[in-house]
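Under the working numbering, residues 36 to 223 are what the sequence shown spells out, in order. All residues carry an ideal CB built from backbone N, CA and C; glycine is no exception. Bear in mind the structure is a predicted one, so any value in this text is a computation, not a measurement. Data block below; observations after.
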Amino acid sequence: MNKQEIRKEMQARRRAMTAEERAKASAGVCEKLAGDNGVLNLADLAAANSIVAVYMALPLEIDLSAFIGKLFDAGIRVVAPRWDGNTYDLAVLEGLDDVHLREGPMGVMEPAEANLVPPQKVDVWIIPGLAFTKDGARLGYGGGWYDRFLSAAPCSARKIGVAYSFQVVPSLPTESHDIKLSDIVSLV
Numbered sequence: 036m037n038k039q040e041i042r043k044e045m046q047a048r049r050r051a052m053t054a055e056e057r058a059k060a061s062a063g064v065c066e067k068l069a070g071d072n073g074v075l076n077l078a079d080l081a082a083a084n085s086i087v088a089v090y091m092a093l094p095l096e097i098d099l100s101a102f103i104g105k106l107f108d109a110g111i112r113v114v115a116p117r118w119d120g121n122t123y124d125l126a127v128l129e130g131l132d133d134v135h136l137r138e139g140p141m142g143v144m145e146p147a148e149a150n151l152v153p154p155q156k157v158d159v160w161i162i163p164g165l166a167f168t169k170d171g172a173r174l175g176y177g178g179g180w181y182d183r184f185l186s187a188a189p190c191s192a193r194k195i196g197v198a199y200s201f202q203v204v205p206s207l208p209t210e211s212h213d214i215k216l217s218d219i220v221s222l223v
């Protein structure tokens, strides 16, 4: 299948999920990211003054709210994409309430304030997508926003894709500008 066919299939499969299935998967992924035996050690990230980039989920995506709450509780600096009218930047995320968020393009919530952080300063990236392979290939929505962010990220930064189990596939078509991820977290 080509990229457009894969995107169409994955979007249909996400729409077919119930709200309960999405909530269960989101909770499981958040636990895998930052639970007792999670992929990330929040105490170590806090001690290193790390910056973690997250995304604000669309209704059909893995919801990171519980994970973001754990980052806040640990005192970790969190950033998220924010539209400036022309492109996306990363801005500090101070909270998940109406005071700290505004609605951006396509209804995506984003940091209300433009307290910007360059991608070069981010230590850990949590990245959405439509499909992933176990070895780190990612298929996004086609805008290239994360490829641009990640091309500016330090090589040492962890780049973690989060997915529903069906989004992890054996192979994907890739291009030279695609950035490989270091980890994929799903309930598989």
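Exercise. By how many angstroms is the C-alpha of S211 removed from the C-alpha of G70?
Worked result: Going by the C-alpha atoms only, they are around 35 angstroms apart.
Exercise. To the nearest angstrom, how far is it from the Cα of M144 to the Cα of T122?
Worked result: Pairing M144 with T122, the inter-Cα distance amounts to about 15 angstroms.
Problem set entry | Within 9 angstroms, strictly: CB atoms of P116 and D124 | It is a contact, given that the beta carbons lie within the stated cut-off.
For this session: Pick helix, strand or coil for V64, following the three-state DSSP scheme.
Result: Secondary structure at V64: helix, using DSSP grouped into helix, strand and coil.
For this session: State yes or no: is the C-beta of G110 within less than 9 angstroms of the C-beta of L222?
Result: Between G110 and L222, the gap from beta carbon to beta carbon reaches 9 angstroms or more.
Exercise. Where K194 and A54 are concerned, what is the direct C-alpha to C-alpha distance, given to the nearest angstrom?
Worked result: If you draw a straight line from the Cα of K194 to the Cα of A54, it comes to about 27 angstroms.
For this session: Look at the Cβ atom of D182, then the Cβ atom of A149, and state whether they are nearer than 9 angstroms.
Result: Between D182 and A149, the CB-CB gap reaches or exceeds 9 angstroms.
Exercise. Given E56, which residues of its chain have a CB within under 7 angstroms of its CB, disregarding the five upstream and five downstream residues?
Worked result: By the criterion of a C-beta distance shorter than 7 angstroms, E56 is surrounded by no residue of its chain, once the five residues flanking it on both sides are discounted.
Exercise. Helix, strand or coil: how does DSSP classify M141 here?
Worked result: DSSP places M141 within a helical segment (H, G or I) once states are collapsed to three.
Exercise. Taking the beta strand (DSSP E) that G196 falls in, what are its first and last residues?
Worked result: Unbroken beta strand (DSSP E) run through G196: 193-197.
Exercise. Sorted by chain position, which residues of the same chain lie with C-beta nearer than 6 angstroms to S217's C-beta, five sequence neighbours on each side aside?
Worked result: Result list for S217: R193, K194, in chain order.
For this session: Run through the stretch 63-124 for me and flag every whole alpha helix (DSSP H) of 4 or more residues, listed as ranges in chain order.
Result: Counting only runs that start and end inside the stretch 63-124, the alpha helix (DSSP H) elements of at least 4 residues fall at 77-82, 100-108.
For this session: Go through the stretch 131-183 residue by residue and report every complete run of the beta strand (DSSP E) that reaches 3 residues or more, in order.
Result: Whole beta strand (DSSP E) segments, 3+ residues: 136-138, 144-146, 159-162.
Problem set entry | Extent of the continuous beta strand (DSSP E) to which I219 belongs | 218-220 is the span of the beta strand (DSSP E), which, as asked, contains I219.
For this session: Using alpha carbons as the reference points, say which of A58, N72, D158 lies closest to A101.
Result: The shortest C-alpha separation from A101 is found at A58.
Problem set entry | Nearest-angstrom Cα separation, counted from K105 out to E129 | So the two alpha carbons sit approximately 13 angstroms from each other.
Problem set entry | N76 at chain C interface by Cβ criterion, 9 angstroms | Note that chain C does not occur in the displayed structure, where there is just one protein chain.
Exercise. Closest to I41 by CA distance: which of Y90, A92, G164 is it?
Worked result: The shortest C-alpha separation from I41 is found at G164.
For this session: Could you tell me if M141 is buried or exposed, where buried requires 16 or more neighbouring beta carbons within 10 angstroms of its beta carbon?
Result: Burial state of M141 is exposed, judged by a 10 Å Cβ sphere holding fewer than 16 other Cβ atoms.
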